[in-house]
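Q:
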Amino acid sequence: MALALQARETGSTPGDRQEEPMASANPDPGTTRTDYALCMLCEAACGIEVQHDGVRVERVRGNAQDGFSRGHICPKGVALADVQNDPDRLRRPLRRVGERWEEVSWEDALDETARRLHEIQQRHGRDAVGVYTGNPTVHSYAATLFQGFFYDTLATRNRFSATSVDALPRTLVSAQLYGNQAVLPVPDLDRTEFLLVLGANPVVSNGSVMTAPDVVNRLRAIRERGGRLVVVDPRHTETAELADTHLFIRPGSDALLLAALLNVVFREGLAEPGRLEAHLEGWDGIPGLLAEFTPERVAPHTGIPAETLVQLARDFAASPRAACYGRIGTCTQEFGALASWLVDVLNVATGNLDRPGGAMFTTPAADLPTLAKLLGQPGHFGRWRSRVSGLPEFNDELPVATFAEEIETPGEGQIRALVTHAGNPVLSLPNGRRLEKAVEGLEFMVAVDIYRNETTRHADLILPPTFGLERDHYPVIEHGVAVRNVARYGRALLAPPADARHDWEVFLDLTERLGRARGGLEAVKGRLRAGLGRALGPRGVLRLMLRLGPQAVTLDRLERDPHGVDLGPLEPRLPGILGRGKRIRIAPELLLDDLPRLARRLGSVAAPPGGNGLTLIGRRTLRSNNSWMHNSERLVAGRPRCVLLMHPEDARRRGLADGARVVIKSRVGEIEAPLELSEEVMEGVVSLPHGWGHGRPGSGLEVAAKHAGVSANDVTDESFYDALSGVSCLSGVPVTVTAAGA
Ligand code: SF4
């Protein structure tokens, strides 16, 4: 009981506080008990069973009583205990003093942060402060809801996030077609009879923009009920291993492949949008626009024979319940926005959008499109452009491709101070070395983060919020793209460190202090904003969202059932969730204007495999969570995972042997990694996982440093991006590979 009631001097007086551990979390201090929660490490949001003593986690297992995740857990979920208990995890604010770090009180750290940010903005303007938000932000509903308080107060145009690393094309297309970036189609995995997967590896990612825990069994079930799984990828991925058919495709050619499939669908009269036809705007022009993308012309660019493309189109169109699903590989390429658009056009053309077994829209208890509107982010695009390269904003954020140059380039609007939240852009963004150098030159940097990582080691102050099971979890984003309608809520189980603050409290504290530093009316505004936030608290907002949402679910009910509430299979939602006019703008000008660029690609000569050039693609591994879980001994144990995969034929041509150390060189840099020969990758393609490159001086991740690997983003190129969206091409980077020391 003592732990549950532990007082924490936060300086905040939130109303409906989210963080209190369960009243019964530790009725008998020192003893172990078992409770249920939700894993907050990735989109799958698996139900977990946690053995703990109220402070430390002893063991994490899958919760077999959770009807959605059905007992599934991955190695990362088990290793949640390692991050939770990690001695390297920061628990008190740190201030840099030369090369040393010293602990400071929250009050001092927050005051100093607000003062420095204010001074810099006063001297150089609001845009002089940049903001970067990392992927884990999505998995904290409180941060998702409350970060805007602070960022709106900063009022800078220099905002960046992980969205433009790999997801922006998808959300941009949703904004263009459906009028809201949060109206996101997900494959109706449990009922589909034909799943076409492009550039995604759900077996390892456990679903991305698709919450699908226990995905392996869900995919297996497609074949068990007589359906088909087709995977198109430059690598024979873990998902391809489960498929009926795997087609190797040249990196960056997915948009061409999709255009060719549609070409066949139209020319053979297979298009049947069904009931949606009445809601389509601009539909009639699409067949003509895709007429030149014949399978015969597309084939040499994709590496897939024309007859295979024709058959794939026919089979997909003939299936009564088919869904095309594209993810990171389709987003992070030269035609990322077009590829994401064509995925939806294919689903529409074959009558599979919004029909059971097709690509559907979740009906979550807390409605995502409404949230996007409330946060003022339904999805505007190109209202203004970046200062240096002129790349377009999306939802008030700039593509990360522009991040380094906006720090480096002098002039009005230059970034001179940086705020990061739960991010490690030095390892996560293209040309990380350039960004790192740029970050070193900042006047001030503050990181809201639980680790001193390769980026936050450059900060002046690190403010570590609570983590994981120290806070409650409602997967507000994840449930919004779930393959089944569900609502699950995980109570906080652990007592946070003494005097700790939650991420949302940090944002509100900074909002108030920044206003105070500015003085006058700004001080009043800051106090009011922070006061409103504290009065509501994340749980208060959640309670409201559930009450106003499309499902009859209350927070009280969710709290009573730690295994979640099943709200049934996905239901058709169109045209109800569309914006004004209830029309799908299937042919938005923005995307049509980009089609000629894709057509020009048809006219170029496709290089045969076996030349000097190779293209690099990324890879995700089950034991990695981007860059931030390599400090778990159990996740990095065993054989090194940061290895370059190369086809044996490519290695033979270059005289390279399995296990050799090789130099991977691109326009922006070079790195050295061990080579693994594998027919998993197609000829002409090499693959390196991302998120590695630890062990840099000053970072505080002892285990990760011993398993450092190299950062793939030291060779990815920030100037190689999708001209429409500005999203960097992390897939298909031209590289050379030679023997190390040659
Ligand atoms: S799949 Fe994701 S949510 Fe599930 S246990 Fe693994 S990391 Fe956690």
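Reading the sequence shown from the start, the letters are residues 7 to 748 in my numbering. Every residue gets a Cβ at the ideal spot worked out from N, C-alpha and C, and that includes glycine.
Please name the residue in A261, R589, A444, R463 whose C-alpha comes closest to that of V452.
A: Of the listed residues, the one whose Cα sits closest to V452 is R463.
Q: By the three-class DSSP mapping on this structure, what secondary structure does S734 have?
A: Three-state result, S734: strand.
Q: So H427 is in the alpha helix (DSSP H); what residue range does that whole segment cover?
A: Not the alpha helix (DSSP H): H427 falls in the beta strand (DSSP E), residues 423-427.
Q: For P4, which residues in the same chain have their Cβ closer than 6 Å to its Cβ, ignoring the five residues on either side in sequence?
A: Summary: the structure shown does not reach residue 4, with the chain confined to residues 7 through 748, and so no result is reported for it.
Q: What does A410 pair with, by DSSP beta-bridge criteria?
A: Answer by DSSP bridge pairing: none, since A410 is not bridged.
Q: Using 9 Å as the threshold, is the C-beta distance between R163 and D402 below it?
A: Yes.
Q: Distance, Cα to Cα, E108 vs S693?
A: Going from the Cα of E108 to the Cα of S693 covers about 40 Å.
Q: Do you know offhand how far T722's Cα is from P556's?
A: Their backbone Cα atoms lie some 43 Å apart in a straight line.
Q: Mapping the DSSP letters down to three states, classify I5 as helix, strand or coil.
A: As displayed, the chain neither begins before 7 nor continues past 748, which places residue 5 out of reach and without an answer.
Q: With a Cβ-Cβ cutoff of 9 Å, do Q187 and L201 count as a contact?
A: Against a cut-off of 9 Å, the Cβ pair of L201 and Q187 comes out as no contact.
Q: Closest to T338 by C-alpha separation, out of L730, A748, V743, would be which residue?
A: Out of L730, A748, V743, L730 has the C-alpha closest to the C-alpha of T338.
Q: Consider the C-beta atom of E49 and the heavy atoms of the ligand SF4; say whether any pair is separated by less than 8 Å.
A: It does: the Cβ of E49 is within 8 Å (strictly closer) of some heavy atom of the ligand SF4.
Q: For the alpha helix (DSSP H) holding I292, just list the boundary residues, first then last.
A: Here the alpha helix (DSSP H) through I292 covers 292-295.
Q: Compare the Cα-Cα distances from L235 to each of F254, T198, D728 and report the closest residue.
A: For L235, the nearest C-alpha among the options comes from T198.
Q: Does DSSP classify R519 as helix, strand or coil?
A: Note: R519 maps to helix in three-state DSSP.
Q: Which residues in the same chain have their Cβ closer than 8 Å to the Cβ of A378, if we skip the five residues on either side of it in sequence?
A: Same-chain partners within the cutoff: N186, Q187, A188, P384, G385.
Q: When we look at the beta-carbon of K82 and count the other beta-carbons within 10 Å, is it buried (16 or more) or exposed?
A: By the 10 Å Cβ count, K82 comes out buried.
Q: So which of P311, H700, L225, E708 has the shortest CA-CA distance to V716?
A: If we check each option's Cα against that of V716, H700 comes out closest.
Q: For T744, which residues in the same chain have their Cβ closer than 6 Å to its Cβ, ignoring the five residues on either side in sequence?
A: Excluding positions up to five away in sequence, the list reads V669.
Q: Who are M652's beta bridge partners in DSSP?
A: DSSP, once it has assigned bridges, lists L683, V692 as partnering M652.
Q: If you draw a straight line from the alpha carbon of G644 to that of G73, how long is it in whole angstroms?
A: Roughly 33 Å between the two C-alpha positions.
Q: Distance check for C48 and R629, CA to CA, integer angstroms please.
A: Approximately 12 Å, taken between the alpha carbons.
Q: Please name the residue or residues paired with T139 in a DSSP beta bridge.
A: DSSP lists S167, H427 as partners of T139.
Q: Just to confirm, is the Cβ distance from L683 to A710 under 9 Å?
A: Cβ atoms of L683 and A710: not closer than 9 Å.
Q: On the CB-based measure, 16 or more other CB atoms within 10 Å of its CB, does R540 come out buried or exposed?
A: Buried.
Q: From P740 to S211, what does the alpha carbon distance come to, in whole angstroms?
A: Distance between the alpha carbons of P740 and S211 is about 25 Å.
Q: By how many angstroms is the C-alpha of G690 removed from the C-alpha of V547?
A: V547 and G690: Cα-Cα distance of roughly 51 Å.
Q: Quick one: Cα of A714 to Cα of R281, how far?
A: Taking the straight line from one Cα to the other gives about 54 Å.
Q: Can you list, in chain order, the residues of its chain whose CB lies under 6 Å from that of G706, leaving out five sequence neighbours each side?
A: Closer than 6 Å at the Cβ level, and outside the excluded window around G706, lie D94, R458.
Q: For the stretch 41-55 against the stretch 468-486, are there 3 or more C-beta pairs whose distance is under 8 Å?
A: In short, these stretches touch, since the Cβ pair count reaches three.
Q: How about Y147 and I483: are their beta carbons less than 9 Å apart?
A: Cβ atoms of Y147 and I483: closer than 9 Å.
Q: Please determine if the stretch 631-641 and the stretch 75-90 are in contact, where contact requires at least 3 C-beta pairs separated by less than 8 Å.
A: Because the criterion of three Cβ pairs below 8 Å is met, the stretch 631-641 and the stretch 75-90 touch.
Q: Out of P301, N269, P306, point me to the one whose CA is closest to I292's CA.
A: Closest by alpha carbon: N269.
Q: In this structure, what does DSSP give as the bridge partners for E676?
A: Note: E676 sits in a beta bridge opposite K671.
Q: Just verifying my parser: in three-state terms, what is the DSSP assignment at S30?
A: Here the model assigns S30 a pLDDT of 46, short of 50, so the residue's position is not dependable, and the following value carries that caveat. Coil.
Q: Indicate whether P191 and G335 have their beta-carbon atoms separated by less than 9 Å.
A: No; because the gap between Cβ atoms is not below 9 Å, this pair is not in contact.
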